[in-house]
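Every letter in the sequence shown is one number past the one before it in UniProt numbering, and letter 271, counting from 1, is 271.
For each residue, glycine too, the CB sits at the ideal point set by N, CA and C.
Please read these numbers as outputs of a predicted model, since none were measured by experiment.
See below for the structure under consideration.
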Amino acid sequence: MRAWQVTELGEPRDVLRFNDIDDPVAGPGQVLVRVLAAPANFPDVLLCRGQYQVKPALPFTPGVELCGEVVAVGAGAGFAVGDRIVGTTNLPGGAFAELAVLDADSAFPAPDSLDDAEAAALVIGYQTSWFALHRRTQVRPGETLLVHAAAGGVGSSAVQLGKAAGARVIGVVGGPEKAEYCRSLGADLVIDRRTEDFVPIVKEFTEGRGADVIYDPVGGEAYAKSTKCVAFEGRILVIGFAGGTIPQPALNHALIKNYSIIGLHWGLYKQYNQQAIADCHAELSRLAAAGEVRPLISERLSLGDVPDGLGRLGDGDTVGRLVFGPPL
């Protein structure tokens with residue numbers, strides 16, 4: 001088969017090579033799938049750079065999630081040839097290839113209400129936001145949810161899930177194109193951080209109260225400013241540090257204002273509570289069938305476009321979800 005491989009660490013455009021490699025084989029408890037769609041995720045960029053917490057041996061194929069058609073089944077896998085599934089991959093064999101192997105307990109039926117690209121994008125981003133908003137904290141109807149990087153992969157899912165939960169959603173984005181995309185997601189208020197300071201706007205929108213829940217996949221200055229507009233008994237969800245700077249929070253400030261700082265590492269649920277992931281997928285599938293959430297795919301690209309797509313994602317030049325399909 002053909003697969004993109006990282007042969008040395010660096011920027012995606014520089015280090016990815018489209019190679020002919022042996023077809024993978026499904027072992028016990030695994031399924032082999034023909035890849036139908038594989039989204040670009042920021043961890044894929046970090047993997048290429050060698051900056052992710054997981055550091056697979058070279059060479060490896062990035063691509064952390066997919067939608068695929070089962071073509072072979074290992075013993076005890078529980079799926080059948082022809083099933084359409086979504087799930088997460090095991091490095092070094094990622095999704096940016098013609099074929100991929102998944103552990104059966106990391107795979108789920110693809111929602112019938114979504115096409116291949118949409119279904120592939122329902123996995124990591126939406127699971128992350130669902131766990132953040134419904135398990136690590138519980139966003140309640142009528143509360144105000146502030147989402148940073150609201151036009152990005154995980155941020156866009158938080159906007160939709162926040163609206164589905166009955167929250168008023170403020171999206172913070174960078175640039176007019178991302179602002180328009182965020183509005184299409186259903187955000188009640190969109191703030192362009194490049195031209196506006198979100199702190200006074202959030203305070204005005206909430207009549208001085210501040211945001212009840214703040215969803216932060218950025219870190220750095222976004223986190224620091226969030227502490228200035230979080231409500232009494234508010235919650236700041238620490239999702240990641242796409243801005244490149246890990247905050248050093250002043251805990252006395254959390255004490256003085258009575259707010260909580262809550263971390264989320266979605267991947268740990270695969271290790272400690274796999275059933276919670278299965279339950280989450282069932283709920284996301286229900287919401288998708290009801291039309292309450294639907295991944296908005298901004299670009300549908302070919303597998304051959306992986307280096308440029310990941311490069312643009314790493315540069316911060318993408319809007320919404322980029323999903324790679326089979327070779328054209």
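Residues in its own chain within less than 8 Å of residue i by CB, not counting five upstream and five downstream?
i	result
A231	T144, T206, R209, G210, A211, D212, Y259
L264	T128, F131, A132, R136, L237, V238, I239
A72	V25, A26, V31, L32, V81
A242	F42, A149, G152, P217, V218, G219
K270	T88, S106, I277
S52	Here residue 52 is Tyr; the residue named in the question, Ser, does not match the sequence. The residues are P43, L46.
G29	G74, A75, G76, A77, D103, A104, D105
Taking the continuous beta strand (DSSP E) assigned at residue i, which residues delimit it?
i	result
E233	230-238
F324	321-325
Y259	Run containing Y259: none; DSSP gives neither H nor E here.
T88	84-88
Y215	211-216
T7	Per DSSP, T7 belongs to no beta strand (DSSP E) and is neither H nor E.
E65	65-73
T128	It is not in any beta strand (DSSP E) - T128 instead sits in the alpha helix (DSSP H) that spans 124-131.
A97	Element bounds for A97: n/a, residue is neither H nor E.
G220	No beta strand (DSSP E) holds G220; the alpha helix (DSSP H) holding it covers 220-226.
I170	168-173
Q30	30-39
H148	144-148
A104	No beta strand (DSSP E) holds A104; DSSP gives it neither H nor E.
D20	16-20
L301	297-302
Alpha carbon to alpha carbon, how far is residue i from residue j?
i	j	result
G171	G304	32 Å
C280	A75	26 Å
P59	P92	8 Å
G68	A222	36 Å
L32	A254	48 Å
E204	P326	47 Å
R2	A289	34 Å
L146	H134	15 Å
V15	R168	42 Å
L99	D83	15 Å
R235	L122	25 Å
L287	R140	17 Å
K163	P56	37 Å
K257	E233	8 Å
G142	V173	22 Å
Q138	I262	12 Å
Y272	E283	19 Å
Y181	T318	11 Å
F108	L114	14 Å
I246	E8	26 Å
F79	R34	14 Å
N90	E299	25 Å
V6	V54	14 Å
F18	G311	15 Å
G291	D112	12 Å
V202	S226	10 Å
L301	L268	31 Å
With a threshold of 7 Å on Cβ separation, who are the neighbours of residue i within its own chain once the five nearest residues in sequence on each side are excluded?
i	result
E118	R294, P295, I297
Q274	D105
Q160	L185, G186, V293
V249	The question names Val, but residue 249 is Pro in the sequence shown. Around P249: I261.
Who are the Cβ neighbours of residue i in its own chain at under 6 Å, not counting the five residues just before and after it?
i	result
G314	V45
S157	G125, Y126, S129
L189	I170, F205
I21	A3
Quick one: measure Cβ to Cβ for residue i and residue j, integer angstroms, because I've assumed they're closer than 8 Å.
i	j	result
A40	G309	5 Å
F96	G63	4 Å
P307	P12	5 Å
G10	C48	7 Å
I85	V70	6 Å
A37	D116	4 Å
V199	K178	About 19 Å; that fails the 8 Å criterion.
E65	A110	Going by Cβ atoms, the distance from E65 to A110 rounds to 12 Å, so no, they are not a contact pair.
What are the boundary residues of the alpha helix (DSSP H) that includes residue i?
i	result
Q275	274-289
I201	198-205
G186	Segment: none, G186 is in no alpha helix (DSSP H) and carries neither H nor E.
A158	153-164
F42	42-49
A80	Where A80 is concerned, there is no enclosing alpha helix (DSSP H), given that its DSSP letter is neither H nor E.
L307	According to the sequence displayed, residue 307 carries Pro and not Leu. Here the alpha helix (DSSP H) through P307 covers 306-315.
A119	116-120
Check whether the Cβ of residue i lies closer than 8 Å to any heavy atom of the ligand ATP, and answer yes or no.
i	result
D14	Absence of the ligand ATP from the depicted structure is noted, as is the absence of any ligand whatsoever, leaving it without description.
*Say whether the stretch 206-213 touches the stretch 179-196, bearing in mind that this needs 3 or more beta-carbon pairs closer than 8 Å, one atom from each stretch.*
In this structure the stretch 206-213 does not touch the stretch 179-196; the number of beta carbon pairs closer than 8 Å is below three.
*Touching or not, the stretch 318-327 and the stretch 151-165, by the rule of three or more beta carbon pairs under 8 Å?*
yes
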